[in-house]
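Heads up, the sequence shown stops at 315 in my numbering, and the numbers go up one at a time, no gaps. Virtual Cβ for every residue (Gly too), placed ideally from N, Cα, C. Nothing here was measured: the structure is a model prediction, and the numbers come from that model. See below for the structure under consideration.
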Amino acid sequence: MQVPKPTSRILSLPLVKSPVSHNNNGDRAISVLDKLAQNVDNEIKTSVAEAYIGLGQKEKAMLILRELESDTFVYTRERVLKAYLSLNQVEKVISVLEELMKSDVRSLISHSPDVLRQIVQIAGEKALPVLERLAKYDAGNIKATAADGYIELGRIEKALPILEELLVKRNIYNYMEQVSIWVLKRAGEKALPLLEALAKNDDIYVRNIAVDACGDIGEKALPLLKALANDNESYVRKAVAKALGKVGEKALPVLEVLAKDNEAYVKTNVIEALGNVGEKALPILEELANDSHPSVRSSVAKALGVVIKSL
């Protein structure tokens, strides 16, 4: 007995001429794509839909994507979501994302961490329910992605508690949660209240995170950097010196204090920062040129070269 071949629902594709098809070969290629669209393999269909999108044939792509929404393979639905995203189909993007969240959204976030931000950019406030659900996940990278989405929407007040949990209450040494540091920096000066809390943490590494983020914020973080310049741990003071190099001239009083630090590796960071400040740092550099430690004097020579070039 002959076994029947598997069949697929025949798609009735609209007759749309591709904007990039200017000759018979172009039409021939489109014809091959149309035949591939009838394939039973959903992976092939997804690739065809993506090709249609690239050719500007939105109607044909949408017809295939609607059929693929019910695919049980998570990877296929991830590709469908990205295809809808490229077409700015907000409702469809949210719908597919919600379905993914019922099964497993972790692979999407892990493989394409920028996708959620893109969704927020086109969906706006409509993405809030999705962010609220993602924020409840246990995985640190998903929580951090939710915080990033809140920041994209300007909802800093919702992002900061998530970041605080990741940076203080959990194991920050977990690689998957390092993304939260980058998200924290994206919050800018609005993150200062959280940075002040991190600066008081017993963990040196957590305090260093605060210092690093302060450097990116710049002048408005100077009071906090000034306080951290008195930290008992030289490792933190070293980080403060480096961060002050991003602040500019107004950091000079704090750099002058750190220039008297007992640790040579703190002073070498101070010197590098002074080089970035420019000629107003020359008196401090001149004094450090007489330091007893060779690495300090060597750093002064390099910094002076930077200053001289800036004159």
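About 5 Å separates the CB atoms of A245 and L262; that is less than 8 Å, so the two are in contact.
In this structure, the straight-line span from the alpha carbon of L59 to that of V109 is close to 29 Å. Following the DSSP letters along the chain, one finds P117 in no alpha helix (DSSP H), marked with neither H nor E. Separation of W186 and R137 (C-alpha to C-alpha, rounded to the nearest whole angstrom) is 21 Å. No residue range can be given for L157, since it is assigned to no alpha helix (DSSP H) and is classified by DSSP as neither H nor E. Non-local C-beta neighbours of V300 in its own chain, meaning closer than 8 Å and more than five positions away in sequence, comprise A268, K271, T272, I275, L292, ordered along the chain. Taking C-beta atoms under 8 Å as the contact rule, R211 and L202 qualify, at a distance of about 7 Å. In this structure the region 161 to 168 does not lie against the region 112 to 126, because fewer than three pairs of beta carbons, one per stretch, are closer than 8 Å. The C-beta of N266 has fewer than 16 other C-beta atoms within 10 Å across all chains shown, which makes the residue exposed.
When C-alpha distances from V251 are compared across K224, L104, R121, the shortest belongs to K224.
The residues V311, S314, L315, in chain order, have a CB closer than 8 Å to that of E283 in the same chain once the five nearest residues on each side in sequence are set aside. One Cα belongs to E237, the other to L72, and the distance between them is close to 57 Å.
Listed in chain order, the non-local C-beta contacts of E253 below 7 Å within the same chain comprise V281, K284, local neighbours out to five positions each way being set aside. Spatial neighbours of Y141 in its own chain (CB-CB distance under 7 Å, excluding positions within 5 residues in sequence) are listed in chain order as K147. Straight through space, the alpha carbons of V215 and D206 are spaced by roughly 14 Å.
For the pair R241 and A150, the Cα-to-Cα distance works out to about 32 Å. Residue environment: T76 is assigned as exposed (fewer than 16 neighbouring CB atoms within 10 Å of its CB, all protein chains considered). Excluding residues up to 5 positions away in sequence, R241, V244, V258, V261, L262 lie with their Cβ nearer than 7 Å to the Cβ of A233 in the same chain. By the CB criterion at 7 Å, I34 and K49 fall outside the cutoff. In this structure, R83 keeps its C-beta atom at 7 Å or more from the C-beta atom of V100. At a Cβ-Cβ threshold of 7 Å, A277 and L256 do not count as neighbours.
Rounded to whole angstroms, D31 and L37 show a C-alpha spacing of 10 Å.
Around the C-beta of N46, 16 or more other C-beta atoms lie within 10 Å, and the residue is accordingly described as buried. Here G144 is buried: its Cβ has 16 or more other Cβ atoms, across all protein chains shown, within 10 Å.
Here S111 has V78, Y79, E82 as same chain residues with Cβ atoms under 8 Å from its own Cβ, once five neighbours each way along the sequence are excluded.
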